[in-house]
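Q: If you scroll down you'll find the structure; I have some questions about it.
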Amino acid sequence: MVAPKAVFKDGMINQAQSHYNFLALNVLFSQLNTDRKYTILDMGPASGANINFFSHYHCKIFIEDFYRVRVENTSKKDNPSSASLLQDYGDGTKFDIILFWDLFDYVEPDDLKDLIRHLSKYCTKGSMLFFVTSGMEFIPNQPASFKIIDKNNLVYENHAPTTRKSHGYRQSVYRQLLPGFSLYRGFRMSSGMEENLFKFD
Numbered sequence: 022m023v024a025p026k027a028v029f030k031d032g033m034i035n036q037a038q039s040h041y042n043f044l045a046l047n048v049l050f051s052q053l054n055t056d057r058k059y060t061i062l063d064m065g066p067a068s069g070a071n072i073n074f075f076s077h078y079h080c081k082i083f084i085e086d087f088y089r090v091r092v093e094n095t096s097k098k099d100n101p102s103s104a105s106l107l108q109d110y111g112d113g114t115k116f117d118i119i120l121f122w123d124l125f126d127y128v129e130p131d132d133l134k135d136l137i138r139h140l141s142k143y144c145t146k147g148s149m150l151f152f153v154t155s156g157m158e159f160i161p162n163q164p165a166s167f168k169i170i171d172k173n174n175l176v177y178e179n180h181a182p183t184t185r186k187s188h189g190y191r192q193s194v195y196r197q198l199l200p201g202f203s204l205y206r207g208f209r210m211s212s213g214m215e216e217n218l219f220k221f222d
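See below:
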């Protein structure tokens, strides 16, 4: 892992871009085979870099831009659940890979459990779920964007001007919040960030 360039000072981010080598993502990408087709759910915003990376494989990609959609709906009186805001993926859709990036840090526990329970209907044995969590007391007040450079490298960008309190959850807690999934690989970075790869049972 290259040392992060993003620096927090007085609640502000001085620099917004960092390059990382995510080990759990390396494990996931090393299993991709150009001879088979994959169905992928990217819960982050659309990224040309990510679409370009997966274009080297036979992929069908669904993109949610989950955080933006969730924020746009939080002011509604009925306060819809996160699961109800997702697309209709269609009968027969089964995801091989779900990329949550750092979004778990921005979803409340009960809502997250409901969200994963809903998505599990679109998973099959061996489906992979990737996410990153912060080990810091404070995190940017909105999620980062992640751009895949190659199998070994990502660019992490966060332009949030302020921070917020982190949930501070560890892998043991997420095991309880991810019904149907079990930990496949987990790594803790020197920065305190944890990367996690869960597999659907």
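The numbering used here applies: residue 22 is where the sequence shown begins, and numbers increase by one. Every residue, glycine too, gets a C-beta built ideally from N, C-alpha and C.
#1: With H, G and I counted as helix, E and B as strand and the rest as coil, what does DSSP make of residue 206?
#2: Assign residue 143 to one of three DSSP states: helix, strand, or coil.
#3: Looking at the structure shown, is residue 190 part of a helix, part of a strand, or coil, going by DSSP?
#4: Name the residue from 195, 99, 200 and 71 whose alpha carbon lies nearest to the alpha carbon of residue 215.
#5: I think residue 107 touches residue 94, with their Cβ atoms under 8 Å apart; what is that distance to the nearest whole Å?
#6: List the endpoints of the continuous alpha helix (DSSP H) containing residue 73.
#7: Alpha carbon to alpha carbon, how far is residue 87 from residue 66?
#8: Rank 68, 135 and 48 by C-alpha distance to the C-alpha of residue 197 and give the top, closest one.
#9: Using C-beta distances below 7 Å, list every residue in its chain close to residue 173, excluding the 5 sequence neighbours before and after it, in chain order.
#10: Only counting the same chain, and skipping five residues up and downstream in sequence, which positions put a Cβ closer than 7 Å to that of residue 110?
A: Reading off the structure:
#1: Residue 206: strand per DSSP, three-state reduction.
#2: helix
#3: coil
#4: 195
#5: At roughly 11 Å, the Cβ-Cβ gap does not stay under 8 Å, so residue 107 and residue 94 are not in contact.
#6: In the DSSP annotation of this structure, the continuous segment of the alpha helix (DSSP H) that includes residue 73 starts and ends at 69 to 75.
#7: 7 Å
#8: 135
#9: 42 and 47
#10: 83 and 143
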